[in-house]
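The sequence shown maps to residues 1067 to 1136 in the numbering used here.
Below is one structure, written out as structure tokens; comments come after it.
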Amino acid sequence: MKQISSFLSEISDQFRTVVVDAIKSLCQKFPRKHTVLMTFLSNMLREEGDYEYKNAIVNTIISIVEENPE
1067 MKQISSFLSE ISDQFRTVVV DAIKSLCQKF PRKHTVLMTF LSNMLREEGD
1117 YEYKNAIVNT IISIVEENPE
């Protein structure tokens, strides 16, 4: 996750949205890791970014919460 964090600072918001979608896919494949991924997404939400990027993060967080009842 640390490598992804440093990578995100170097790319544009359009590609960050692709990373958010990939994190959503990871959470669907590995539901037990949702706490780590949720923490990562919440940290991403605090960073700078445009509306589409932030909206993708929020939608991903909502879908993770709906899919994981824990």
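The beta carbon of each residue, even a glycine, is placed where N, CA and C say it ideally should be.
Non-local C-beta neighbours of S1071 in its own chain, meaning closer than 6 Å and more than five positions away in sequence, are absent.
DSSP assignment within the segment 1084-1118 yields the following whole alpha helix (DSSP H) runs of 4 residues or more, N-terminal first: 1100-1112.
Distance between Q1069 and V1131, taken at the CA atoms: about 25 Å.
If you look at S1078, you'll find it isn't in any alpha helix (DSSP H); DSSP assigns it neither H nor E. The three-state reading of DSSP puts N1134 in coil, since its state is none of H, G, I, E or B.
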